[in-house]
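Enquirer: Under the UniProt record's numbering, think of the first position of the sequence shown as 1, with each following residue one higher.
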Amino acid sequence: MEQSTSSRSPSPQEILLEVELDENEVKEFEKQVKIITSPEFSPDKKSMVVSLDVLPLALLEQAAVTEMPPRFAVPVTDIKVTEGLDAVFECVVTGTPVPVVQWFRGDTCATPGTGKYVVSQKEGLHSLKVKAVGPSDGGLYRCRAVNRLGEGKAPLFLQQVSDVEVWEGDVARLSVTVTGSPTPKIQWFFNARKLTPCTDCKLVFAGNDHSLILPCAGVQGEYLCVASSAHGETSCSAQLHVCRRQPGPPCFAREPGSVRCAPGSRAALEHAVLGSPCPAGLCSEGGRRLLPDARRSIARHPDGSGSLTVWHCLEEGSGLYTCRAVSALGEATSTAVLTVTGKCRPSDSSLFP
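1) Among LEU329, LEU314, ALA332, whose alpha-carbon lies nearest the alpha-carbon of THR339?
2) Applying the criterion that 16 or more other CB atoms from any shown protein chain within 10 Å of the CB defines a buried residue, is THR341 buried or exposed?
3) Within 10 angstroms of its Cβ, does HIS231 collect 16 or more other Cβ (buried), or is it exposed?
4) What residues in its chain sit with their C-beta under 6 Å from that of PRO97, if we drop five residues either side in the sequence?
5) Can the beta-carbon of VAL178 be found closer than 8 Å to that of ALA227?
6) Alpha carbons only, please: which of TRP103, ARG300, VAL161, VAL93 is nearest the one belonging to LEU282?
7) Near GLY150, what residues of its chain come up, given a Cβ to Cβ distance below 8 Å and the 5 sequence neighbours on each side ignored?
8) Look at VAL337 and GLY304 and say whether their C-beta atoms are less than 8 Å apart.
9) Going by DSSP, what residue range makes up the beta strand (DSSP E) through VAL326?
10) Name the residue from GLY286, LEU140, GLY115 whose alpha carbon lies nearest to the alpha carbon of GLN159.
11) Is it buried or exposed, THR234, if we count other Cβ atoms within 10 angstroms and call 16 or more buried?
12) Alpha carbons only, please: which of ALA268, CYS261, ARG244, PRO292 is nearest the one belonging to GLY275?
13) Let me make sure I understand the geometry here. Which of GLY330, SER307, GLU316 has the alpha-carbon closest to that of CYS323?
14) So does the segment 89-103 actually touch the segment 249-256, counting three or more Cβ pairs closer than 8 Å?
15) Strictly by DSSP, which residues pair up with TRP167?
16) For ASP137, name the three-state secondary structure that DSSP assigns.
17) Within this structure, are the beta carbons of GLU331 and PRO250 separated by less than 8 Å?
18) Measure from the alpha carbon of ARG288 to the alpha carbon of each residue in LEU320, CYS278, PHE189, ASP137, then state which is nearest.
19) Just reading off the beta strand (DSSP E) that ILE298 is part of, what are its end residues?
20) Rounded to the nearest angstrom, what separates ASP170 and PRO215 at their Cα positions?
21) Quick one: what does DSSP say PRO249 is sitting in, helix, strand or coil?
22) Starting from VAL259, follow the beta strand (DSSP E) in both directions and report where the run begins and ends.
23) Can you pull the DSSP bridge partners for GLN187?
24) Mark THR5 as exposed unless 16 or more other C-beta atoms lie within 10 angstroms of its C-beta, in which case mark it buried.
25) For PRO97, name the three-state secondary structure that DSSP assigns.
26) Let me know if LEU125 comes out buried or exposed under the rule of 16 or more other beta-carbons within 10 Å of its beta-carbon.
27) Roughly how many angstroms lie between the CA atoms of PRO135 and GLU83, to the nearest whole one?
28) Does the segment 256-266 come close enough to the segment 187-201 that 3 or more CB-CB pairs lie under 8 Å?
29) If VAL76 and PHE89 are in contact, beta carbons under 8 Å, what's the gap, nearest whole angstrom?
30) If I measure Cβ to Cβ from VAL310 and keep anything under 6 Å in the same chain, skipping five residues before and after, which residues do I get?
31) TYR223 and LEU174: beta carbons closer than 8 Å?
32) Helix, strand or coil, according to DSSP, for GLU255 in the structure here?
33) Helix, strand or coil for THR335 per DSSP?
34) Can you tell me the Cα-Cα spacing of SER290 and SER284, whole angstroms?
35) What is the rounded straight-line gap between the Cα of THR333 and the Cα of GLY221?
36) Enumerate, from N- to C-terminal direction, the unbroken beta strand (DSSP E) stretches of 3 or more residues contained entirely within the UniProt domain "Ig-like" (70-162).
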């Protein structure tokens, strides 16, 4: 290992040790290294994983103290309290030098001087007590830990996942908003089994917003979201309820609207159909059934929505288009007019006024 001229101790490295030592060798080994433990809860909160950082004393002697950035060994968790009682938030923070810990409600520091809050700490365990809570005390509380090496920002749910109720065959979407530094890793679980994108679901994220997309409503039950980083982890869960549709004939929840567009532009006739069993959709133009080809595409989705898209409109393509929804219990029909005219700009594709 290279010698360092810095006054700061080296950063711990993750290594795997698999050795056999007798008692004397163990004692000699303990004289040469310093072992720092970093406890973390497992995702199910039922057990604890303890990481060991092994640091050579030869290098530590060059530094006055072993320095480590703040880390939330046990992050803050959500709590529910009966009105009139005290609410207590707790977390365990590690780091050297000892981090400065502050509590916030939203963006406002929760200072003990107001008489509403009591802040305490003992051997890395930090707590915030909110006295005699009322409806106005509900909201987002967070803990911030800082030392000269950086700031510990444990993952935090700005918006937790909520229970969702969908119809059988529809697409289900479970969403959360998460913050933290570094960016937390997001994982979803169902019945303690980690969900795999592409196989079980689709994961969509934009900034701090993360969504779990389940095709055909998925399986009803409890879905767990876990956000984790080097500073800790947190989780939230929600129930997915799948409702069975009552048998019924097809009907249009949204009929396709007539469209006017310029030659060479794209036009889309969109619709949504209800019914159980799920109806089949048929598109036709002037009594002639339409099939997907190089000029047009036909899309149908499990939730009953669909569309007919003409990619390169021609004037001779103007006419009356019909959409039929058919099942064993009946059928429904809706029509729309496509008008292709050179009077519109190429980018125009709008409904008739």
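No residue lacks a Cβ here, since even glycine has one placed at the ideal position from N, Cα and C.
Expert: Once the coordinates are examined:
1) Position 339 of the sequence shown, counted from the start, is the residue given in the question as residue 339. Out of LEU329, LEU314, ALA332, LEU314 has the C-alpha closest to the C-alpha of THR339.
2) Residue numbering aside, residue 341 sits at position 341 when the sequence shown is read from its first letter. By the 10 Å Cβ count, THR341 comes out exposed.
3) If you number the sequence shown from 1, residue 231 lands on position 231. Under this definition HIS231 is a buried residue.
4) Here residue 97 is taken as the residue at index 97 of the sequence shown, counted from 1. So the list reads ASN147, once near-sequence residues are dropped.
5) For the purposes of this step, residue 178 is taken as residue 178 along the sequence shown, with counting starting at 1. For the purposes of this step, residue 227 is taken as residue 227 along the sequence shown, with counting starting at 1. Cβ distance < 8 Å, so VAL178 and ALA227 count as in contact.
6) If you number the sequence shown from 1, residue 282 lands on position 282. With distances taken between Cα atoms, LEU282 lies closest to ARG300.
7) Here residue 150 refers to the residue found at position 150 of the sequence shown. Hits under 8 Å: PRO69, PRO70.
8) For the purposes of this step, residue 337 is taken as the residue at position 337 of the sequence shown. For the purposes of this step, residue 304 is taken as the residue at position 304 of the sequence shown. Cβ distance not < 8 Å, so VAL337 and GLY304 don't count as in contact.
9) Numbered from 1 along the sequence shown, position 326 holds the residue referred to as residue 326. 319-327 is the extent of the beta strand (DSSP E) around VAL326.
10) Counted from its first residue, the sequence shown places residue 159 at position 159. Taking only the C-alpha atoms, the option nearest GLN159 is LEU140.
11) Numbered from 1 along the sequence shown, position 234 holds the residue referred to as residue 234. Classification of THR234: buried, given that the 10 Å Cβ count is 16 or more.
12) Against the sequence shown, residue 275 aligns to sequence position 275. When only C-alpha atoms are compared, the closest one is ARG244.
13) Position 323 of the sequence shown, counting from 1, holds the residue named residue 323. Looking at the Cα atoms, SER307 is the closest of the given residues.
14) no
15) In the sequence shown, residue 167 corresponds to position 167, counting from 1. DSSP, once it has assigned bridges, lists CYS243 as partnering TRP167.
16) Within the sequence shown, the letter at position 137 stands for residue 137. Helix.
17) If you number the sequence shown from 1, residue 331 lands on position 331. If you number the sequence shown from 1, residue 250 lands on position 250. Yes. Within cutoff.
18) For the purposes of this step, residue 288 is taken as the residue at position 288 of the sequence shown. It is LEU320 whose Cα lies nearest to the Cα of ARG288.
19) Sequence index remark: in the sequence shown, residue 298 carries index 298 (1-based). Unbroken beta strand (DSSP E) run through ILE298: 296-300.
20) The residue labelled residue 170 in the question sits at position 170 within the sequence shown. The residue labelled residue 215 in the question sits at position 215 within the sequence shown. Each residue's alpha carbon lies about 7 Å from the other.
21) Locating residue 249 in the sequence shown gives position 249, counting from the first residue. Looking at PRO249 - three-state DSSP - the assignment turns out to be strand.
22) On the sequence shown, residue 259 is found 259 positions in, with the first residue counted as 1. It spans 259-261 - the beta strand (DSSP E) in which VAL259 sits, taken as one unbroken run.
23) Your numbering for residue 187 matches position 187 in the sequence shown. Note: GLN187 sits in a beta bridge opposite VAL226.
24) Within the sequence shown, numbered from 1, the residue matching residue 5 stands at position 5. With a pLDDT of 44 at THR5, under the threshold of 50, the modelled position of this residue cannot be trusted; read the value that follows with caution. It counts as exposed.
25) In the sequence shown, the residue the question calls residue 97 occupies position 97. Here PRO97 sits in coil by DSSP.
26) Taking the first residue of the sequence shown as 1, we reach residue 125 at position 125. Its Cβ having fewer than 16 others within 10 Å, LEU125 is exposed.
27) As a first step, residue 135 is located in the sequence shown; it is residue number 135 there, counting from the start. As a first step, residue 83 is located in the sequence shown; it is residue number 83 there, counting from the start. Those two C-alpha atoms are separated by around 7 Å.
28) no
29) For the purposes of this step, residue 76 is taken as the residue at position 76 of the sequence shown. For the purposes of this step, residue 89 is taken as the residue at position 89 of the sequence shown. Rounded, the Cβ-Cβ distance is 5 Å, consistent with contact.
30) Mapped onto the sequence shown, residue 310 falls at position 310. So the list reads ALA267, ARG296, once near-sequence residues are dropped.
31) Sequence index remark: in the sequence shown, residue 223 carries index 223 (1-based). Sequence index remark: in the sequence shown, residue 174 carries index 174 (1-based). Result yes, Cβ atoms of TYR223 and LEU174 sit closer than 8 Å.
32) For the purposes of this step, residue 255 is taken as residue 255 along the sequence shown, with counting starting at 1. Reduced to three states, the DSSP call for GLU255 is coil.
33) Numbered from its first residue, the sequence shown carries residue 335 at position 335. DSSP places THR335 in strand when its eight states are reduced to three.
34) Stepping through the sequence shown from its first residue, residue 290 is reached at position 290. Stepping through the sequence shown from its first residue, residue 284 is reached at position 284. The question names Ser, yet the displayed sequence has Leu at residue 290. LEU290 and SER284: Cα-Cα distance of roughly 5 Å.
35) Taking the sequence shown and counting its residues from 1, the one referred to as residue 333 is at position 333. Taking the sequence shown and counting its residues from 1, the one referred to as residue 221 is at position 221. Cα to Cα, the separation comes out at about 37 Å.
36) 87-96, 100-105, 117-122, 125-130, 141-147, 150-159
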